[in-house]
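Position one of the sequence shown corresponds to residue 1 (full-length UniProt numbering), numbered consecutively onward. Each remark here refers to the structure printed beneath this line.
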Amino acid sequence: MVWRACHPPRLCTTRPRRSVTNAARVTVTQPAGLAQEIDVLTQSSAKRTGRLAAVSLTALLTASCASQAQRPITEAGNGQPFATAQPVGEAAAAENGTAYGSYLAGLYANGQRDLGAAADFMSQALDADPDNPRLLHNTFMLMAGEGNMDRARALAERLLASNPSHGPARVLVTVEALRAGNYENAEELLRKLPAQGLAALVRPMLSAWAQVGRGNTQAALDRLKALEPIEGFGALRQAHIALINDLAGDTEAAARAFDAIGTERAAQSLRLAWLLGNFHARNGDLDAARALYQAYMARNPDSAVMEIALDRLNAGETPAPLIANAREGAAEALFNLSGLLNQEGASDLALVYDRMALRLRPDFPIGHILLGEVLSAQNRLEAAVEVYRQVPTDSPYHYIAQLRVADGLNALGRKDQAIDILEAQAEAHPERFEPLYRLGNLYRADEEFAQADKAYARALDRIPTLESRHWTVLYFRGIALERTDQWAAAERHFKQALELQPEQPYVMNYLAYSWVEQQQNLDRAQEMLRRAVELRPEDGYIVDSLGWVYYRLGKYDQAVDRLERAVELRPADPTINDHLGDAYWKVGRKQEARFQWQRALTLEPDAEQVPTIEAKLENGLKAGDNG
1 MVWRACHPPR LCTTRPRRSV TNAARVTVTQ PAGLAQEIDV LTQSSAKRTG RLAAVSLTAL
61 LTASCASQAQ RPITEAGNGQ PFATAQPVGE AAAAENGTAY GSYLAGLYAN GQRDLGAAAD
121 FMSQALDADP DNPRLLHNTF MLMAGEGNMD RARALAERLL ASNPSHGPAR VLVTVEALRA
181 GNYENAEELL RKLPAQGLAA LVRPMLSAWA QVGRGNTQAA LDRLKALEPI EGFGALRQAH
241 IALINDLAGD TEAAARAFDA IGTERAAQSL RLAWLLGNFH ARNGDLDAAR ALYQAYMARN
301 PDSAVMEIAL DRLNAGETPA PLIANAREGA AEALFNLSGL LNQEGASDLA LVYDRMALRL
361 RPDFPIGHIL LGEVLSAQNR LEAAVEVYRQ VPTDSPYHYI AQLRVADGLN ALGRKDQAID
421 ILEAQAEAHP ERFEPLYRLG NLYRADEEFA QADKAYARAL DRIPTLESRH WTVLYFRGIA
481 LERTDQWAAA ERHFKQALEL QPEQPYVMNY LAYSWVEQQQ NLDRAQEMLR RAVELRPEDG
541 YIVDSLGWVY YRLGKYDQAV DRLERAVELR PADPTINDHL GDAYWKVGRK QEARFQWQRA
601 LTLEPDAEQV PTIEAKLENG LKAGDNG
């Protein structure tokens, strides 16, 4: 997630003072710990090497295609579940002219990420051309991704009738067999799944849980041996070995498998830490569970989910097993694979696998969290909000789900509802600062800086000891204070943010520019901005800040050099082009100055900038005018 010093950036230009205009238009990445809960939730237990270990992403995806005659699921490598060539047969198109129109409408809806409409249109096209394999594949993937599993199942059976190696279709019918408790049939279906690509992971994992359903623990463990040659998936394999042994009542074997993962490795993943800690707590080793939870919290100190687990442990609560039967174990496997696919950018396929996990286990809050994350990443915010709302109030994931609901509602323009949710969460969790921090960001984005200041102040009151990760709270409150003409307090917050994060370039940019605007600490300001540019040489806004400071100090040649570079980095920014025009004028390059001012006008500057730029186009700059 990306936060802006004053987002959206153009809102920052409404103030006439250029320090605010320029210094606030920088991009700030939110630090880990403030909003990384979801990222950790979906962390794969596979060792990350920039690819899917020994199994390449290309192999995983192309092996899931309907056939060699079809194009891959990832059409043109973009993660879309569509095959677009030869969409509707000529005979069908001639017989029913609406079929091709439905297909094109489906393509358009898919491109707009309106997958519900895309599924409907593709279904209409398929009705007109029922034997078209590409339409059948596309419609199946869309229906499965939308969670319309009854329709997807019927389509899967049609796909398999003509192409038995269609991976996602075979996995779905296997899921339906597992759901019905028909474990022998599930095993038979999986035997026909080619053991290559993604299926090299899917087949042994689901087959293992099918054997668990049949009461064959050793056979289940034998199935997982197929994962041994796949480099980087050892922790995933050991986790399922542990879960299977635990369910069978072999506590010692389960402990050995968890030990093979190791506490240090488990503490890197919320899901692994939760599974192992749950095992320790149920078996009376509270110290081991506590140590693991604390190790995870040391890496992720703002994890609300793990904090709840630790609180329950300290309260003496004995947790229920996280996996109670074979269906839930299979759902866990599908969830793990969905998270892995999502990490690798295969969001459409991740969506299908997570839907299948939820088909097996509807009461699976972490599955809903992942589903909401995938939908949000696809900008399907309405659907994501509805998914997050399905997380029950007694779930450890409810709090983070509610924060995500608020984010989604605000992005959808339902600000008042978002505020209500954030205030409710702030009241329900008086020890946590995140709802108020998000509330401050919401107000700041709408330039309600007085309200933002109050929200940030309330958030800071809830942080007993400020640590490095809290620098953005101070920084953003500093912006709110500066924008409400409380400079002394703003300056203190910027300096405190720099104490927590020394040489943080965005804080240095804002603080130094403000100093120059007020003709204070000029030497220190220049030093700060030069250092900020060294740290972020490709950030056009920060480079522009340094150039504009040179301009304000009369160092016009240096200003031109830096501002030309800033325009190279941000050619479509009206303010930077305006700045360069001013600098050109000062060094006598008046024709080029007018060109830059004219260009600035074409780039849609804010309304209050327009008269100033137009006046410069007509009259140039007056002597002594340094902005």
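Backbone N, C-alpha and C define an ideal beta-carbon position, used for all residues, glycine too.
Among A281, V374, M205, which residue has its Cα nearest to the Cα of A333?
The shortest C-alpha separation from A333 is found at M205.
Is the beta carbon of L500 closer than 8 Å to that of E467?
It is a contact, given that the beta carbons lie within the stated cut-off.
Taking only the alpha-carbon atoms, compute the straight-line gap between L525 and L351 and give it to the nearest angstrom.
Note on residue identity: the sequence assigns Ala, not Leu, to residue 525. Distance between the alpha carbons of A525 and L351: 49 Å.
With C-beta atoms as the reference, is N336 less than 8 Å away from L236?
It is a contact, given that the beta carbons lie within the stated cut-off.
Once the 5 residues before and after N521 are set aside, which same chain residues still bring their CB inside 7 Å of it?
Excluding positions up to five away in sequence, the list reads W515.
Where L569 and D539 are concerned, what is the direct C-alpha to C-alpha distance, given to the nearest angstrom?
Taking the straight line joining both Cα atoms gives about 7 Å.
Looking at C-alpha atoms only, which residue of Q504, A199, L224, Y443 is the closest neighbour of A208?
Nearest option by C-alpha distance: L224.
Measuring alpha carbon to alpha carbon, tell me which of L439, R432, G408 ends up nearest I419.
Put simply, of L439, R432, G408 the residue whose alpha carbon is nearest the alpha carbon of I419 is L439.
Nearest residue (CA-CA) to L498, options A457, W471, D222:
Check the Cα spacing between L498 and each of A457, W471, D222: the tightest is with W471.
So the candidates are A161, N441, F140; which of them puts its Cα closest to the Cα of A152?
When A161, N441, F140 are compared, the shortest CA-CA separation from A152 is found for F140.
At what residues does the alpha helix (DSSP H) containing Q486 begin and finish?
Looking at the DSSP string, Q486 is not in any alpha helix (DSSP H), and its letter there is neither H nor E.
Between which two residues does the alpha helix (DSSP H) holding F258 run?
Per DSSP, F258 belongs to the alpha helix (DSSP H) from 251-261.
Any 3 or more C-beta pairs closer than 8 Å across the segment 346-363 and the segment 231-248
No: fewer than three Cβ pairs fall under 8 Å.
Tell me which residues share the same chain as L603 and place their Cβ nearer than 8 Å to its Cβ, disregarding the 5 neighbours each side in the sequence.
Spatial neighbours of L603 in its own chain (CB-CB distance under 8 Å, excluding positions within 5 residues in sequence) are listed in chain order as A572, D573, P574, N577.
Quick one: residues in its chain with C-beta nearer than 7 Å to the C-beta of A455, no 5 flanking neighbours on either side, listed in chain order?
Around A455: L436, L439, G440, Y443.
Looking only at C-alpha atoms, which of E382, E187, G215 sits nearest to N325?
That would be G215, whose Cα lies nearest to the Cα of N325.
Could you check which residue in D407, E307, P321 has the C-alpha nearest to that of A315?
Per the Cα distances, E307.
With 16 other Cβ atoms within 10 Å as the buried cut-off, status of G147
By the 10 Å Cβ count, G147 comes out buried.
How far does the alpha helix (DSSP H) with G440 in it reach, from first residue to last?
434-445 is the span of the alpha helix (DSSP H), which, as asked, contains G440.
Pull up the CB-CB distance for N533 and L553, whole angstroms please, since I reckon it's below 8 Å.
Before going further, note that residue 533 is Val rather than Asn in the sequence given. The C-beta separation of V533 from L553 comes to about 16 Å, leaving the pair out of contact by the 8 Å criterion.
Compute the distance between the beta-carbons of H368 and V405, then report whether it is under 8 Å.
The answer is no: Cβ separation not under 8 Å.
Looking at the structure shown, is V610 part of a helix, part of a strand, or coil, going by DSSP?
In the structure shown, V610 sits in a helix (DSSP, three-state: H, G or I).
Starting from the C-beta of L381, find all residues in its chain whose C-beta is less than 6 Å away, skip the five residues before and the five after it, and write them out in chain order.
Here the set comprises G408, A411, L412.
For K616, which residues of its own chain have a beta-carbon under 6 Å away from its beta-carbon, when the five flanking residues on both sides are left out?
Answer for K616: W597, listed in chain order.
From Q196, R158, V305, residue whose alpha carbon lies closest to that of I230
Checked all of Q196, R158, V305; the closest Cα to I230 is Q196.
Leaving aside the five residues before and after M495 along the sequence, list all residues of the same chain whose C-beta is less than 6 Å from its C-beta, in chain order.
In the sequence on display, residue 495 carries Lys and not Met. There are no such residues.
Only counting runs of 4 or more residues, tell me where the alpha helix (DSSP H) segments fall wholly within the segment 287-336, in order along the chain.
Scanning the segment 287-336 for uninterrupted alpha helix (DSSP H) segments of 4 residues or longer gives 304-314, listed from N- to C-terminal end.
Only counting the same chain, and skipping five residues up and downstream in sequence, which positions put a Cβ closer than 6 Å to that of A295?
For A295, same chain residues with a beta-carbon under 6 Å away, outside a window of 5 residues either side, are A267 in chain order.
Using a 10 Å radius around the Cβ and a threshold of 16 neighbouring Cβ atoms, would you call P605 buried or exposed?
The residue is buried, with at least 16 neighbouring Cβ atoms inside 10 Å.
Taking N283 as the reference, which of I261, E448, T318 has the closest Cα?
The residue with the shortest Cα to Cα distance from N283 is T318.
Uninterrupted alpha helix (DSSP H) stretches inside the UniProt repeat "TPR" (574-607) (no shorter than 4 residues)
For the UniProt repeat "TPR" (574-607), whole alpha helix (DSSP H) runs of length 4 or above, ordered along the chain, are 574-586, 590-602.
Starting from the C-beta of residue 628, find all residues in its chain whose C-beta is less than 6 Å away, skip the five residues before and the five after it, and write them out in chain order.
Nothing about residue 628 can be read from this structure; the chain reaches only from 1 to 627.
For F364, which three-state DSSP category applies?
Assignment of F364 by DSSP, reduced to helix, strand and coil, places it in the coil class.
For F449, the nearest candidate out of T484, S269, L460, A199 (CA to CA):
Ranked by Cα distance from F449, the options T484, S269, L460, A199 are led by T484.
Pick from L310, L358, Y388, Q451: whose alpha carbon is nearest that of A331?
Answer by Cα proximity: L358.
With the cut-off set at 8 Å, would you say L340 and V305 are in Cβ contact?
No; because the gap between Cβ atoms is not below 8 Å, this pair is not in contact.
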